[in-house]
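Below: the structure, in structure tokens.
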Amino acid sequence: MTLWRQWFCALALALPCAGQASEVWTGWVSWVMDGDTVLLVREGQHEPVKLRIEGIDAPEICQPGGAEARDAMIRLALRKPVQVLDHGHDVYGRQIGRLSIDGVDLGAEMVRSGMAWAYRFRTGKGPYADLQRQAQTQKIGMFAADEVAMSPSVFRKFHGTCHGS
Numbered sequence: 054m055t056l057w058r059q060w061f062c063a064l065a066l067a068l069p070c071a072g073q074a075s076e077v078w079t080g081w082v083s084w085v086m087d088g089d090t091v092l093l094v095r096e097g098q099h100e101p102v103k104l105r106i107e108g109i110d111a112p113e114i115c116q117p118g119g120a121e122a123r124d125a126m127i128r129l130a131l132r133k134p135v136q137v138l139d140h141g142h143d144v145y146g147r148q149i150g151r152l153s154i155d156g157v158d159l160g161a162e163m164v165r166s167g168m169a170w171a172y173r174f175r176t177g178k179g180p181y182a183d184l185q186r187q188a189q190t191q192k193i194g195m196f197a198a199d200e201v202a203m204s205p206s207v208f209r210k211f212h213g214t215c216h217g218s
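Under the working numbering, the first residue of the sequence shown is numbered 54, with each subsequent residue one higher.
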């Protein structure tokens, strides 16, 4: 698939297109970087793989709610066996996929508990949009505060990344 087609598919759909087949594999979570990024060790391998969880966007670690989102992912996944629906790389070159433990979708759990936004590249809406609306209505997680929770993309526009870049 051409680079242009890969870009278009990711932009338009935020999902793999023809030529970007999904792969399912198992492993375990060796480290949680933040609420939407983990390091995984694939079964039979020794080196960890950095994976961005598809369909969610958790607060930056330095923004309000960031540490809580990371801690929620730690409780859900750290040192636990996971199934990975690997969708290859996103438009930023990051490994991207969905994680589950015993059939429980961890991205859905993060959004349901108000620890992440439903997210799809460029459209803002993701596969968990209904779960996000429920969390906002129920005022749970980052939606519990009286002030409006700032999405990570807006936070980065005003403050940059947590790493100063």
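A virtual CB, placed ideally from N, CA and C, is assigned to each residue, including glycine.
Taking the beta carbon of residue i as the centre, do at least 16 other beta carbons fall within 10 Å, making it buried, or is it exposed?
i, result
"Arg147", "exposed"
"Val207", "exposed"
"Pro180", "buried"
"Pro134", "exposed"
"Lys178", "exposed"
In terms of alpha-carbon separation, which member of the options lies closest to residue i?
i, options, result
"Tyr145", "Leu104, Val201, Glu113, Gln185", "Leu104"
"Gly141", "Thr214, Ser75, Lys210", "Ser75"
"Val85", "Asp183, Trp78, Val94, Arg173", "Val94"
"Asp139", "Ala122, Trp78, Ile127", "Trp78"
"Gln185", "Met163, Val201, Glu200", "Met163"
"Asp124", "Val102, Val157, Gly194, Arg151", "Gly194"
"Ser166", "Asp183, Lys178, Asp155", "Asp183"
"Glu200", "Gln189, Pro180, Glu96", "Gln189"
"Ile149", "Ile106, Asp155, Lys178", "Ile106"
"Arg173", "Arg151, Gly213, Phe196", "Arg151"
"Ala171", "Arg132, Pro205, Ala130", "Pro205"
Return the CA-CA distance between residue i and residue j, expressed in angstroms with no decimal places.
i, j, result
"Ser83", "Gln136", "14 Å"
"Lys192", "Asp155", "28 Å"
"Cys215", "Ala197", "23 Å"
"Met203", "Lys210", "11 Å"
"His212", "Arg132", "32 Å"
"Gln187", "Ser153", "21 Å"
"Pro69", "Asp143", "The predicted model places Pro69 with a pLDDT of 43, which falls under 50 and marks its position as unreliable, so this point remains unresolved."
Going by the CB atoms, is the gap between residue j and residue i shorter than 9 Å?
i, j, result
"Pro112", "Ala169", "yes"
"Gly160", "Ile127", "no"
"Asp89", "Ala120", "no"
"Ile114", "Asp87", "yes"
"Trp81", "Glu96", "yes"
"Ala297", "Val102", "The chain is shown only over 54 to 218; residue 297 falls outside these bounds and no answer can be derived."
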